[in-house]
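Residue numbers (our numbering): 3 to 244. Ideal Cβ positions, reconstructed from N, Cα and C, are used throughout, including at glycine. Nothing here was measured: the structure is a model prediction, and the numbers come from that model. Here's the structure, in structure tokens; my notes come after.
Shown next, in the form of structure tokens:
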């Protein structure tokens, strides 16, 4: 009886693997990648969209992206490689008001591994946390037009105000004040030119002083005093004689 139970367990395991493993293998994926880790208002960044058939031949990819319309807008989208776009209504739209991008295209001969669907260019409007996702409206179709998509990609980036580096103004050195010694100026010498002799006469300007008595005036004064002295003596002698 123990052997029978063991056999039943093994059969159940094999049945589980036979059912679950193919389902795992058939799970295709859409992923979003970008080299941008931080951004700021006014700048743009590229977002690449990949589809992976996960080993199963896949022929059509329908990608629906949702993004915050108040933070970013889609500037453009470019397909990659041999993708053939489906431009019918509802399969190819960019709505920057509601924040939605829908792109659908077929891949000739199918793909089984990861391929680049295309690249979207986003422009940043303002600061904030930006998250872009693929939702369940996306799909990857196999040869029977059944969607095998199980993994939905997302991408996040932060927009922030750039830090402005300020350079402090150069310091102004304190000027050194030097005191000059007071120098007494000598008497001013003025050069005057004699127009007739064409020579220069140096005239020294000196302070005003009392004019000196010249020698000639001194002699005249002595003569006058002597004269008056003789007259006075004669008068005195005459008076004494009487």
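Assuming residue 64 and residue 141 make a contact with CB atoms under 8 Å, what is their CB distance in whole Å? Numbered from its first residue, the chain shown carries residue 64 at position 62. Numbered from its first residue, the chain shown carries residue 141 at position 139. Confirmed, about 5 Å.
Separation of residue 168 from residue 59, as counted between CA atoms: Counting from one through the chain shown, the residue named residue 59 turns up at place 57. Counting from one through the chain shown, the residue named residue 168 turns up at place 166. One alpha carbon belongs to residue 59, the other to residue 168, and they sit about 58 Å apart.
Just curious, the beta strand (DSSP E) that residue 45 is in, first and last residue? Your numbering for residue 45 matches position 43 in the chain shown. Where residue 45 is concerned, there is no enclosing beta strand (DSSP E), given that its DSSP letter is neither H nor E.
Spatial neighbours of residue 112 within its chain, please: C-beta separation below 8 Å, excluding the five flanking residues on both sides. Taking the chain shown and counting its residues from 1, one reaches residue 112 at position 110. Within the same chain, residue 112 has close Cβ partners 55, 59, 60, 61 and 145.
Can you tell me which of the three DSSP states residue 71 falls into? The residue given as residue 71 occupies position 69 in the chain shown. Reduced to three states, the DSSP call for residue 71 is coil.
Span separating the alpha-carbon of residue 136 from that of residue 104: Along the chain shown, one-based indexing puts residue 136 at 134. Along the chain shown, one-based indexing puts residue 104 at 102. When rounded, the separation of the alpha-carbon atoms in residue 136 and residue 104 is 10 Å.
If I'm right that residue 82 touches residue 121 with Cβ under 8 Å, what's the distance once you round it to whole angstroms? Walking along the chain shown from the start, residue 82 turns up at place 80. Walking along the chain shown from the start, residue 121 turns up at place 119. Correct: roughly 7 Å between the Cβ atoms.
Can you tell me which of the three DSSP states residue 233 falls into? The sequence position of residue 233 within the chain shown is 231, counting from 1. DSSP places residue 233 in helix when its eight states are reduced to three.
How many whole angstroms separate the CB atoms of residue 126 and residue 74, which I take to be in contact at a CB cut-off of 8 Å? For the purposes of this step, residue 126 is identified with residue 124 of the chain shown, where counting begins at 1. For the purposes of this step, residue 74 is identified with residue 72 of the chain shown, where counting begins at 1. About 6 Å separates the Cβ atoms of residue 126 and residue 74, confirming a contact at the 8 Å cut-off.
State buried or exposed for residue 234, treating a residue as buried only when at least 16 other CB atoms are found within 10 Å of its CB. Here the question's residue 234 lines up with position 232 in the chain shown. Residue 234 should be labelled exposed.
Can residue 133 and residue 162 be called in contact, C-beta distance under 8 Å? Numbered from its first residue, the chain shown carries residue 133 at position 131. Numbered from its first residue, the chain shown carries residue 162 at position 160. No, the Cβ-Cβ distance between residue 133 and residue 162 is not below 8 Å.
Taking the C-alpha atoms as reference points, what is the distance between residue 71 and residue 87? Counting from 1 along the chain shown, the entry for residue 71 is found at position 69. Counting from 1 along the chain shown, the entry for residue 87 is found at position 85. Those two C-alpha atoms are separated by around 24 Å.
Is residue 114 near residue 44, with beta carbons less than 8 Å apart? Locating residue 114 in the chain shown gives position 112, counting from the first residue. Locating residue 44 in the chain shown gives position 42, counting from the first residue. Remark: C-beta atoms of residue 114 and residue 44 do not approach each other more closely than 8 Å.
Just the C-alpha distance for residue 192 and residue 226, rounded to the nearest angstrom, thanks. On the chain shown, residue 192 is found 190 positions in, with the first residue counted as 1. On the chain shown, residue 226 is found 224 positions in, with the first residue counted as 1. Residue placement at residue 192 cannot be trusted, given a pLDDT of 48 that sits under 50; what the coordinates show is reported in the next sentence. Cα-Cα distance, rounded: 42 Å.
Determine the direct distance from the alpha carbon of residue 97 to that of residue 34, and round the result to whole angstroms. Position 32 of the chain shown holds residue 34. Position 95 of the chain shown holds residue 97. Cα to Cα, the separation comes out at about 19 Å.
Using a beta-carbon distance below 8 Å, is residue 163 in contact with chain D? Reference to chain D is not applicable here, since this structure consists of a single protein chain.
Excluding the five sequence neighbours on either side, which residues of its own chain have a C-beta within less than 6 Å of the C-beta of residue 237, listed in chain order? To locate residue 237, count along the chain shown from 1; it is residue 235. The answer is none, since no qualifying residue turns up.
Which residue comes first and which comes last in the beta strand (DSSP E) that contains residue 141? Start at 1 with the first residue of the chain shown, and residue 141 comes out as number 139. Element bounds for residue 141: 141-144.
Could you name the residues of the same chain whose beta carbon sits closer than 6 Å to that of residue 110, not counting the 5 residues immediately before and after it, in chain order? Start at 1 with the first residue of the chain shown, and residue 110 comes out as number 108. Within the same chain, residue 110 has close Cβ partners 84.
Extent of the continuous beta strand (DSSP E) to which residue 105 belongs: One-based indexing of the chain shown puts residue 105 at position 103. Element bounds for residue 105: 102-113.
Could you pull out every residue in the same chain whose Cβ sits closer than 7 Å to the Cβ of residue 26, ignoring the five residues on either side in sequence? Looking up residue 26 in the chain shown gives position 24. For residue 26, the predicted model reports a pLDDT of 49, less than 50, meaning its position is unreliable; a value from the coordinates is still stated below. Answer for residue 26: no residue qualifies.
CB contact flag (residue 123, residue 156, <8 Å): Position 121 of the chain shown, counting from 1, holds the residue named residue 123. Position 154 of the chain shown, counting from 1, holds the residue named residue 156. No, these two residues do not count as a Cβ contact at 8 Å.
Could you spell out where the beta strand (DSSP E) holding residue 59 opens and where it closes? Residue numbering aside, residue 59 sits at position 57 when the chain shown is read from its first letter. Looking at the DSSP string, residue 59 is not in any beta strand (DSSP E), and its letter there is neither H nor E.
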